[in-house]
Every structure is written in C-alpha cells, then in structure tokens.
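Only one structure is covered here, and it is reproduced in the block below.
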Amino acid sequence: MKAEVYLEKMLHSPPEEIEVQMRWGNRYGGGSKDNPYLKDTPRFNTYTETIHPQKICKGLMEIREQLLSEWVNDLAIVQHEDHLFWIQVHEEEELQRAENITSRKKTSETGHEDGDMTDLVLIGTRGDYESSPLRGRNFDVLKRLSTYIAVKKLLGRKGDGNSESNLKWLGKVWDEEYKQMFETNSDRYVSEMFLNTLARKPSMAVPDGESLMLVEPRHVVEQVKSEAPAMQRN
926 MKAEVYLEKM
936 LHSPPEEIEV
946 QMRWGNRYGG
956 GSKDNPYLKD
966 TPRFNTYTET
976 IHPQKICKGL
986 MEIREQLLSE
996 WVNDLAIVQH
1006 EDHLFWIQVH
1016 EEEELQRAEN
1026 ITSRKKTSET
1036 GHEDGDMTDL
1046 VLIGTRGDYE
1056 SSPLRGRNFD
1066 VLKRLSTYIA
1076 VKKLLGRKGD
1086 GNSESNLKWL
1096 GKVWDEEYKQ
1106 MFETNSDRYV
1116 SEMFLNTLAR
1126 KPSMAVPDGE
1136 SLMLVEPRHV
1146 VEQVKSEAPA
1156 MQRN
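Numbering (this note's numbering), first residue to last: 926 to 1159.
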C-alpha cells in the first residue's frame, strides 16, 4: 500500500474503541520460579482506549514534513563535508611526504573509531526549530543513500580510456566488497569507510583479461561525490 493511500485511509477513519489488557504485578504473582508446586497466576488489568486515526495521521504527516525539511537542508551539508574530506586527504598526503611515510592505510578503516568522522549536522545550525531525535542517524542514512545511488548511476554509464578502466574496477570492488555492506549493514559511517578507503588507494595497474588497465581510485571517488549536487537539484 502506498503511503498516500495509507494516510488518506487514516484521515477518513472514525474513532475506534479497543480493549487493552495489561499484565500487572511482578512476574511470579503468587508463584515461584524455583518451586514447581507454586504456579504462577497471571493478573491483568483491562480497560478501554479510544483510538483517533485522524490525530495519528496528522502526527505522522508533521513528522514526515520535518524529516523532509531536514533532509533537504542536510544535503547541502553533505557538499560541505565533501570539501572538508578533500582537505583532510591532501593534508595527510603532505604529512606523508614530510615524514617519508609510505603507508597509505592511515584512517582508511579506523577513522570512525578515532573520532575523525564527525557529523556536521550535529554541530551546525539547525534552524529555528528543534531537530528530530534521530537527525544524526538520519543524516548517516542520507549519506549512505546518496553514495549508493551515485555508484549505481556511475556503473550504468559507459566510459572510455581511463574512465572505462575506473568504472570496471569500481564495479568489481563494489560487488565483491561493498554492495552487501551498503544494503544490509546497520552500522554507521559505511559511506565514509567506503570513500575513505578508495580515496587513499594509489593509482595502480590491475589485470584485465590478458592485459593490464590503469585505475585511479581517487578519480573514482571524485566521480561518486560529484553526483551529490545533482541529487540536491532533483
């Protein structure tokens, strides 16, 4: 059933009385969990409650409008986070050159544990109203969804030269390592982990049949992130 049909049905539904039965007292009312001869005697309190579907529907619509407004505003924050993302990547590269560090794995998988991934939505301006209780979590869902859609769009395109090589490589690592994570993992920062890992990989030559193809993971991340402004316009 579509959301609009469900809400419309609630708006036109009359008040309804239901009987509620609530158990009261401790779990073992008159019984004992260690004595099989003393049986538990459940005790219930029964009362009648009037349900107003119209009030519930109006509440749902208000929450939906608030979430929609937050998502629209937070899409702009995603772009600002992208700007800070590249600043951090460039700063790490400068540090690696200065200290002659060869490992590029730093923070690619553990950034969320070190506190590097801070949601700007939690510390930024939220407007003149109180944010929804799960706005931070919803912001993470928004970023995961935008990244997921961007990857799907890229994999549906045809490229040439290095662009084709990048897309073929992205399709391979996406199917083997990340697709299931995006679709089933309930943990936070899945999108950040995916983009951080790819952005810090060096250019490489990977097998392509009997030949090799040049892959530039950073360019892949740039392509993924470039889809965010298009999503905001839509």
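The beta carbon of each residue, even a glycine, is placed where N, CA and C say it ideally should be.
DSSP beta-bridge partners for residue i?
| i | result |
| --- | --- |
| residue 971 | 946 |
| residue 1001 | Per DSSP, none; premise fails for residue 1001. |
| residue 1129 | 1140 |
| residue 976 | 941 |
Residues in the same chain with beta-carbon distance under 6 Å from residue i, minus the five sequence neighbours each way, listed in chain order, please.
| i | result |
| --- | --- |
| residue 932 | 982 |
| residue 928 | none |
| residue 1028 | Only weak support is given to the placement of residue 1028: the predicted model assigns it a pLDDT of 49, under 50, and the question is left unresolved by the model. |
| residue 1014 | 1124 |
Can you give me the C-alpha to C-alpha distance between residue i and residue j, rounded to a whole angstrom?
| i | j | result |
| --- | --- | --- |
| residue 1066 | residue 970 | 41 Å |
| residue 1107 | residue 1022 | 33 Å |
| residue 1150 | residue 946 | 53 Å |
| residue 937 | residue 979 | 7 Å |
| residue 999 | residue 992 | 10 Å |
| residue 975 | residue 1114 | 42 Å |
| residue 1082 | residue 942 | 56 Å |
| residue 966 | residue 948 | 11 Å |
| residue 1010 | residue 1095 | 20 Å |
| residue 1146 | residue 940 | 53 Å |
| residue 1139 | residue 1126 | 13 Å |
| residue 1078 | residue 1097 | 15 Å |
| residue 987 | residue 1008 | 33 Å |
| residue 1136 | residue 989 | 52 Å |
| residue 1018 | residue 1059 | 35 Å |
Give every residue of the same chain whose Cβ lies closer than 8 Å to the Cβ of residue i, excluding the five residues on either side of it in the sequence, and list them in chain order.
| i | result |
| --- | --- |
| residue 996 | 1063, 1067 |
| residue 1099 | 1076, 1080 |
| residue 1093 | 1133, 1138 |
What are the start and end residues of the alpha helix (DSSP H) that includes residue i?
| i | result |
| --- | --- |
| residue 1138 | That residue, residue 1138, is in no alpha helix (DSSP H); its beta strand (DSSP E) goes 1136–1140. |
| residue 966 | Note, residue 966: premise wrong, no alpha helix (DSSP H); not H, not E. |
| residue 1113 | Looking at the DSSP string, residue 1113 is not in any alpha helix (DSSP H), and its letter there is neither H nor E. |
| residue 1059 | Run containing residue 1059: none; DSSP gives neither H nor E here. |
| residue 1108 | 1104–1109 |
Beta carbon of residue i: closer than 7 Å to some heavy atom of the ligand FMN?
| i | result |
| --- | --- |
| residue 1102 | Annotation note on the ligand FMN: not contained in the displayed structure, which lists no ligands. |
Between which residues of its own chain and residue i is the CB-CB distance below 7 Å, once the five residues before and five after are set aside?
| i | result |
| --- | --- |
| residue 944 | 971, 973 |
| residue 1056 | 995 |
| residue 1116 | 1068, 1069, 1072 |
| residue 1143 | 1124 |
| residue 1103 | 1119 |
Determine contact between the segment 993–1007 and the segment 1059–1075, defined as no fewer than three beta-carbon pairs at a distance below 8 Å.
Between the segment 993–1007 and the segment 1059–1075, the count of C-beta pairs closer than 8 Å reaches three or more; the two stretches touch.
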